[in-house]
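Taking it in order: structure first as structure tokens, then the write-up.
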Amino acid sequence: MARIIVQSAAFDIAAEITRMADEAGTDCGAIVTFTGLCRSEKGALTALELEHYPGMAEEEIGRIAKIAEDRWPLDAVTIIHRYGKITPGEGIVLVLVASAHRAAAFEAAEFMMDYLKTHAPFWKKEHRTDGQEGSWVEAHNRDDVALGRWQD
Amino acid sequence: MARIIVQSAAFDIAAEITRMADEAGTDCGAIVTFTGLCRSEKGALTALELEHYPGMAEEEIGRIAKIAEDRWPLDAVTIIHRYGKITPGEGIVLVLVASAHRAAAFEAAEFMMDYLKTHAPFWKKEHRTDGQEGSWVEAHNRDDVALGRWQD
Amino acid sequence: MKLVYFSWVRERIGVPEEERDLPDSIHIVADLIEWLIGHGENYAYAFENAQTVRVAIDKKHVPHDAPIGNAREIAFFPPMTGG
Amino acid sequence: MKLVYFSWVRERIGVPEEERDLPDSIHIVADLIEWLIGHGENYAYAFENAQTVRVAIDKKHVPHDAPIGNAREIAFFPPMTGG
Numbered sequence: 001m002a003r004i005i006v007q008s009a010a011f012d013i014a015a016e017i018t019r020m021a022d023e024a025g026t027d028c029g030a031i032v033t034f035t036g037l038c039r040s041e042k043g044a045l046t047a048l049e050l051e052h053y054p055g056m057a058e059e060e061i062g063r064i065a066k067i068a069e070d071r072w073p074l075d076a077v078t079i080i081h082r083y084g085k086i087t088p089g090e091g092i093v094l095v096l097v098a099s100a101h102r103a104a105a106f107e108a109a110e111f112m113m114d115y116l117k118t119h120a121p122f123w124k125k126e127h128r129t130d131g132q133e134g135s136w137v138e139a140h141n142r143d144d145v146a147l148g149r150w151q152d
Numbered sequence: 001m002a003r004i005i006v007q008s009a010a011f012d013i014a015a016e017i018t019r020m021a022d023e024a025g026t027d028c029g030a031i032v033t034f035t036g037l038c039r040s041e042k043g044a045l046t047a048l049e050l051e052h053y054p055g056m057a058e059e060e061i062g063r064i065a066k067i068a069e070d071r072w073p074l075d076a077v078t079i080i081h082r083y084g085k086i087t088p089g090e091g092i093v094l095v096l097v098a099s100a101h102r103a104a105a106f107e108a109a110e111f112m113m114d115y116l117k118t119h120a121p122f123w124k125k126e127h128r129t130d131g132q133e134g135s136w137v138e139a140h141n142r143d144d145v146a147l148g149r150w151q152d
Numbered sequence: 001m002k003l004v005y006f007s008w009v010r011e012r013i014g015v016p017e018e019e020r021d022l023p024d025s026i027h028i029v030a031d032l033i034e035w036l037i038g039h040g041e042n043y044a045y046a047f048e049n050a051q052t053v054r055v056a057i058d059k060k061h062v063p064h065d066a067p068i069g070n071a072r073e074i075a076f077f078p079p080m081t082g083g
Numbered sequence: 001m002k003l004v005y006f007s008w009v010r011e012r013i014g015v016p017e018e019e020r021d022l023p024d025s026i027h028i029v030a031d032l033i034e035w036l037i038g039h040g041e042n043y044a045y046a047f048e049n050a051q052t053v054r055v056a057i058d059k060k061h062v063p064h065d066a067p068i069g070n071a072r073e074i075a076f077f078p079p080m081t082g083g
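Protein chains in written order, with this note's numbering: chain A, 1 to 152; chain B, 1 to 152; chain C, 1 to 83; chain D, 1 to 83.
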């Protein structure tokens with residue numbers, strides 16, 4: 001069972017890795033983590049504000065983790081996704097995967113990130129340094145392309 | 001310039017991620033980490049003892065990092081590889097990659113791990129729970145196959 | 001029926017959620033969008049490119065031709081930008 | 001010339017390193033291996049499947065047909081199992 005958390009607070013990567021290593025036990029050979037950080041876009045942004053659909057966000061993330069767990073031999077999965085105002089340099093999303101095999105851990109982590117980008121009900125509004133009304137970050141076609149790689 | 005460390009002491013993943021996030025700055029969108037852990041092989045092992053070739057180990061790891069930095073747009077790379085006696089559950093190798101783009105971070109981390117497996121001058125001797133003389137871990141053909149993916 | 005809106009769909013419509021009694025003529029999601037567009041410029045603006053608006057029934061993604069059935073909550077929002 | 005050995009190559013030869021004066025007849029790595037095999041059973045055992053033994057000259061991987069040139073240090077070891 002994956003550990004899925006949707007929260008506004010910052011996450012503690014070290015604590016999550018320790019927790020996962022303990023949970024996965026002594027036959028887990030590999031832990032891959034992905035941390036998605038808020039970018040300043042070369043100083044243009046003071047923050048990103050993440051809106052989310054409570055309930056559906058947890059469900060969708062859980063569903064994505066389940067697909068990965070069915071597809072690869074994984075020992076443990078953790079996904080933490082934040083909402084609310086997040087400043088440049090801060091973490092937005094954290095994905096951890098433990099597996100006996102490094103290729104499985106890498107692929108599952110990348111797969112889940114590709115799915116989160118296009119399927120997790122979060123929306124990002126820019127807060128700009130120049131004081132102008134920020135726009136909503138648009139979905140990227142390249143994220144749909146990335147997702148397409150995982151179709152059989 | 002990649003941060004390359006060969007040491008017998010345990011590494012601090014959280015400190016390394018914090019250091020990398022600070023170094024990569026506020027336009028780094030993604031940090032991928034890989035932690036390779038010592039496995040107990042279902043309780044058969046009390047430890048792995050890693051022998052290494054001092055000097056060459058650092059050089060080879062640096063060369064591998066340089067290839068990755070030339071191939072993908074990376075903001076920062078850290079590789080820490082331990083030697084000496086390592087018990088099940090402990091980390092053996094830590095790879096961190098920061099990039100503006102998640103696909104680049106994932107690919108570079110996996111590439112460097114595939115290279116480390118087959119090119120970094122380390123050798124692992126098993127220490128067995130049953131007291132018998134442990135054997136040297138053999139190189140896996142699957143690791144050469146994994147490496148082959150990266151040839152153009 | 002509870003209708004909920006997110007991101008620029010919410011901003012254009014002007015409320016995060018509302019309760020609506022739907023007429024019997026509404027069978028699928030596309031019928032509901034058409035009906036909402038008739039309720040004012042704010043709805044017309046939110047759905048001006050209706051095909052780009054994503055829909056969830058009871059917190060599950062559905063296409064625009066999905067039957068509404070006994071839905072309790074229908075959500076409208078732009079393509080997701082998670083992660 | 002400094003010769004260094006690792007892992008089971010070291011265990012079979014019995015020393016981690018040694019100094020050797022090489023005869024002028026040794027030009028490439030394969031010559032050196034052949035010459036070492038003549039120095040005792042421990043060397044013969046270490047190089048019984050010589051093609052599996054990896055070589056580094058001055059800490060750089062080289063093939064068995066690499067010229068020794070002005071090498072200061074030559075290392076012999078099994079395939080690496082890093083990571």
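Backbone N, C-alpha and C fix where the C-beta goes; we use that ideal spot for every residue, glycine too.
As the structure is a computational prediction, the values presented were derived from the model and not from experiment.
Partners in chain A for residue i, counting only beta-carbon separations shorter than 7 Å
i: G69/C; result: Within chain A, no residue comes near G69/C; the closest Cβ sits about 18 Å away, beyond 7 Å.
i: P88/B; result: T26
Rounded distance between the beta-carbons of residue j and residue i, thought under 8 Å
i: V145/A; j: T33/B; result: Going by Cβ atoms, the distance from V145/A to T33/B rounds to 25 Å, so no, they are not a contact pair.
i: F76/D; j: P121/B; result: No, F76/D and P121/B are not in contact; Cβ-Cβ is about 11 Å, not under 8 Å.
i: I68/C; j: N42/C; result: So it is not a contact: roughly 22 Å between Cβ atoms.
i: E60/B; j: H119/B; result: 6 Å
i: A44/C; j: I37/C; result: 5 Å
i: T46/A; j: H127/A; result: 5 Å
i: A50/C; j: M1/C; result: 18 Å between Cβ atoms; not a contact.
Residues that residue i contacts on chain A, provided the C-beta gap is smaller than 8 Å
i: S7/C; result: E51, W123, K125 and W136
i: A56/C; result: Y53, M56 and P121
i: I13/B; result: I13, A14 and I17
Partner residues on chain B for residue i, Cβ-Cβ distance less than 8 Å
i: R102/A; result: F34, G36, E110 and M113
i: G84/A; result: The contacting residues do not exist; G84/A stays about 18 Å from chain B at best.
i: I80/A; result: Here the premise fails: no neighbours, minimum Cβ distance about 14 Å.
i: A146/A; result: A103
i: A30/A; result: F34, T35, G36 and L37
Beta carbon of residue i nearer than 8 Å to that of residue j
i: H81/A; j: G82/C; result: yes
i: G89/A; j: L37/A; result: yes
i: L48/A; j: K117/A; result: no
i: L74/A; j: V95/A; result: no
i: E20/B; j: A76/B; result: Sequence check: residue 20/B is Met here, not Glu. Result yes, Cβ atoms of M20/B and A76/B sit closer than 8 Å.
i: S40/A; j: D143/B; result: no
i: A2/B; j: G62/B; result: yes
i: A30/D; j: D58/D; result: no
i: A68/A; j: V6/A; result: no
i: I4/B; j: A65/B; result: yes
i: Y53/B; j: F6/D; result: yes
i: F111/B; j: W150/B; result: yes
Cross-chain neighbours of residue i in chain D, by beta carbon under 8 Å
i: A139/B; result: P78, P79, M80 and T81
Exposure label - residue i; buried when at least 16 CB within 10 Å
i: E17/C; result: exposed
i: R102/A; result: buried
i: H140/B; result: exposed
i: S135/B; result: exposed
i: G29/B; result: buried
i: G43/B; result: exposed
i: V93/A; result: buried
i: V55/D; result: buried
i: R10/D; result: buried
i: A9/A; result: exposed
i: D114/B; result: buried
i: S25/C; result: exposed
i: V15/C; result: exposed
i: T35/B; result: buried
i: T52/C; result: exposed
i: A109/B; result: buried
i: A15/B; result: exposed
Chain A residues whose Cβ lies nearer than 9 Å to that of residue i
i: A75/C; result: Y53, M56 and P121
Within chain C, the residues that residue i reaches when beta carbons sit closer than 7 Å
i: T118/A; result: M80
Neighbouring residues, chain B, relative to residue i (Cβ below 7 Å)
i: S40/A; result: T26 and D27
i: I67/A; result: Those within 7 Å of I67/A in chain B number zero; the least Cβ separation is about 18 Å.
i: I5/A; result: Near I5/A there are no residues of chain B at all, since even the closest Cβ is about 18 Å away, more than 7 Å.
Chain D contact residues for residue i, given Cβ-Cβ distances below 9 Å
i: V93/B; result: G82 and G83
Where residue i meets chain C, residues with beta-carbon distance less than 9 Å
i: E59/A; result: K59 and K60
In chain order, each alpha helix (DSSP H) run of at least 4 residues that lies wholly inside the stretch 46-96 of chain B: 56-71
Could you name each continuous alpha helix (DSSP H) segment of 4 residues or more that falls completely within the stretch 24-82 of chain C, going from the start of the chain to the end? 29-37 and 41-46
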